[in-house]
Amino acid sequence: MPYELIAGLMFASMMLLLFTGQRVFGAIGFVAVVAAVLLWGDRGGYDIGFAAAIKVMRWYPLLTLPMFVFMGYVLSESKIADDLYRMFHVWMGGISGGLAIGTIGLMVLVSAMNGLSVAGMAIGATIALPELLKRNYDKLMVTGVIQAGSSLGILVPPSVVLVLYAMIARQPVGQLWLAGAVPGLMMAGLFVVYIWVRCRLNPSLGPVLDEGERAAIPMSEKLRLLRAGLLPVGIFAVMMVPFVNGWTSLVESSAIGALAALVAALAKRRMTWPVFETCLRQTLGITCMFMWIILAALAFGAVFDGLGAVKAIEDLFTDKWGLSPWVILILMQLSFLAMGTFLDDTAMLVIVAPLYVPLVGELGFDLVWYGVLYTITCQIAYMTPPFGYNLFLMRAMAPPEIGIRDIYRSIVPFVFVMILALALVMIFPQIALWLPDQVYGG
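The working numbering applies: residue 167 is where the sequence shown begins, and numbers increase by one.
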């Protein structure tokens, strides 16, 4: 049987299992091991799965995953993140759309604490959304702001999605995180500009905080909130400055961040036993899920490497069809957008990584840069129906007056802003690569 046909059957079998509702790692790992047994016999098939498991267990940087997830849950469950929003509420209420802009700032900082979009969505929907609606902000505007802002969690370091990409693409996690930092801040800046311009043109979308209410808050209270709100920023600095300066390794920095968050929660007397237990349970669940996904992806990728399917696909695109590398790259991004309508980011990566990542390298593109493109495309896919991971999260957390129609309409302008950011990073790769080049010396 031709290798291309075997690869096609593997993809078809995997998609069929996914459509039946099976777990992502179960469907992908099952197809990988069964295909390996059929292709190379009992010994070869078992060795591929076993080798993938050993590779996961021996991958030292994977220790950063539970550390960063634990840090995020500590700051979230102990309500330290609540102080951030109160700080933005007081200091930015006098600007047109100031509370919405402050919400974007909140999302950036939450992303820098957690690395997952779920945390940003939960904090935004429970803390920011009621306040914004109470102060007569347009419901479509604020719903879109929270969904768009929470998507930054998978791009701004320490992004958990980029950890998964690093493992599958065999790229340094530190370089990928630094590559995502500038594009993530650029996208947040584009969101801020859009909100400010819209609210200046139509002040009813984001009314300025009442002057009497602002005057009623004494300066001492403002300074207290500023100190409390900047605590998470200090934790992030304590964690990242030693790493960027080369004083600590990535794993050591993640341990510093987790310890700093725990100490801050204890110092504020917010780390009770139920909170600690919740943080540990959530961290264990997220970490195990990602480790199973990585294990399945490595096994699937090993079968593809053995088949030589990547070279066959490259020959099909370049020799037989005559497509240029940039056309192939754009088609890949469009396929991610299409898959994002019914799959989440980890499923998309695990399904196509064995094919796309080696192909990108063969076409001459930088794999660190491509990791940023993939992540931005995932952000867009997060907000596009019918699947739209963030759409479902918002629907579950939003108050009754915000319906599914409102949620779908709210994301349209922000999706266009994300597409603009994606185009800028594709046209100017140094937006993503400048910071890693500076830190790692090119």
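Don't be surprised by glycine CBs; every beta carbon is placed ideally from N, CA and C.
I think residue i touches residue j, with their Cβ atoms under 8 Å apart; what is that distance to the nearest whole Å?
| i | j | result |
| --- | --- | --- |
| residue 416 | residue 537 | Actually they are not in contact, since the Cβ atoms of residue 416 and residue 537 sit about 16 Å apart, beyond 8 Å. |
| residue 427 | residue 237 | 4 Å |
| residue 334 | residue 194 | Between residue 194 and residue 334 the Cβ distance is about 11 Å, and since that is not below 8 Å, they are no contact. |
| residue 423 | residue 405 | 3 Å |
| residue 535 | residue 345 | 7 Å |
| residue 322 | residue 270 | Residue 322 to residue 270, Cβ: 12 Å. No contact. |
| residue 264 | residue 351 | The Cβ separation is near 19 Å, so there is no contact. |
| residue 357 | residue 523 | No, residue 357 and residue 523 are not in contact; Cβ-Cβ is about 29 Å, not under 8 Å. |
| residue 198 | residue 469 | 5 Å |
| residue 441 | residue 179 | No, residue 441 and residue 179 are not in contact; Cβ-Cβ is about 43 Å, not under 8 Å. |
| residue 309 | residue 504 | Not really, about 24 Å apart at Cβ, beyond 8 Å. |
| residue 190 | residue 452 | Contact doesn't hold; Cβ gap of about 14 Å is too wide. |
| residue 229 | residue 222 | With a Cβ gap of about 12 Å, residue 229 and residue 222 do not count as contacting. |
| residue 420 | residue 167 | Contact flag wrong, Cβ pair sits at about 45 Å. |
Any idea what DSSP makes of residue i, helix, strand or coil?
| i | result |
| --- | --- |
| residue 315 | helix |
| residue 567 | coil |
| residue 304 | coil |
| residue 607 | coil |
| residue 487 | coil |
| residue 260 | coil |
| residue 596 | helix |
| residue 322 | coil |
| residue 188 | coil |
| residue 527 | helix |
| residue 337 | coil |
| residue 496 | helix |
| residue 287 | helix |
| residue 514 | helix |
| residue 398 | helix |
| residue 440 | helix |
| residue 452 | helix |
| residue 457 | helix |
| residue 292 | helix |
| residue 267 | helix |
| residue 309 | helix |
| residue 194 | helix |
| residue 541 | helix |
| residue 577 | coil |
| residue 167 | coil |
| residue 532 | coil |
Which residue wins for smallest C-alpha separation from residue i, given the options the options?
| i | options | result |
| --- | --- | --- |
| residue 567 | 367, 541, 306 | 306 |
| residue 581 | 569, 564, 544, 219 | 544 |
| residue 394 | 433, 473, 367, 369 | 433 |
| residue 578 | 528, 254, 496, 550 | 550 |
| residue 266 | 421, 360, 573 | 360 |
| residue 573 | 523, 498, 384, 548 | 548 |
| residue 391 | 473, 449, 253 | 253 |
| residue 546 | 518, 586, 561 | 586 |
| residue 467 | 525, 494, 421 | 525 |
| residue 202 | 465, 262, 228, 493 | 465 |
| residue 398 | 431, 174, 369 | 431 |
| residue 371 | 503, 522, 261 | 261 |
| residue 501 | 515, 490, 257 | 515 |
| residue 386 | 532, 442, 257 | 257 |
| residue 277 | 452, 595, 402, 451 | 402 |
| residue 294 | 320, 249, 338 | 249 |
| residue 337 | 557, 589, 420, 533 | 533 |
Report all residues from its chain with a CB closer than 7 Å to the CB of residue i; omit the five preceding and five following residues, and keep chain order.
| i | result |
| --- | --- |
| residue 591 | 349, 538, 539, 542, 597, 598 |
| residue 273 | 286, 290, 315, 316, 318 |
| residue 302 | 373 |
| residue 605 | 344, 410 |
| residue 240 | 427, 428, 431, 445 |
Quick one: residues in its chain with C-beta nearer than 8 Å to the C-beta of residue i, no 5 flanking neighbours on either side, listed in chain order?
| i | result |
| --- | --- |
| residue 456 | 231, 326, 329, 330, 512 |
| residue 172 | 201, 205, 473, 475 |
| residue 571 | none |
Within a Cβ cutoff of 6 Å, which residues of the same chain sit near residue i, ignoring the five residues on either side of it in sequence?
| i | result |
| --- | --- |
| residue 414 | 408 |
| residue 560 | 313, 573 |
| residue 454 | none |
| residue 366 | 262 |
| residue 183 | 193 |
| residue 268 | 254, 258 |
| residue 215 | 199, 465 |
| residue 175 | none |
Would you say residue i lies against chain C (beta-carbon separation less than 9 Å)?
| i | result |
| --- | --- |
| residue 370 | In summary, chain C is missing from the structure at hand, where a single protein chain is found. |
Is residue i a contact residue of the ligand ATP, with contact defined as CB to any heavy atom under 8 Å?
| i | result |
| --- | --- |
| residue 204 | Ligands are entirely absent from the displayed structure, and the ligand ATP is therefore not among its contents. |
Runs of alpha helix (DSSP H) wholly within the region 351-385 (minimum 4 residues, chain order) = Fully enclosed alpha helix (DSSP H) runs of 4 or longer: 377-381.
ask   = Of all the alpha helix (DSSP H) runs that stay within the bounds of the region 208-257, which reach a length of 4 or more residues?
value = Secondary structure remark: continuous alpha helix (DSSP H) runs of at least 4 residues inside the region 208-257, in chain order: 230-243.
ask   = Can you give, in chain order, each stretch of the alpha helix (DSSP H) that sits fully within the region 407-436 and has at least 4 residues?
value = The region 407-436 contains these whole alpha helix (DSSP H) runs: 416-433.
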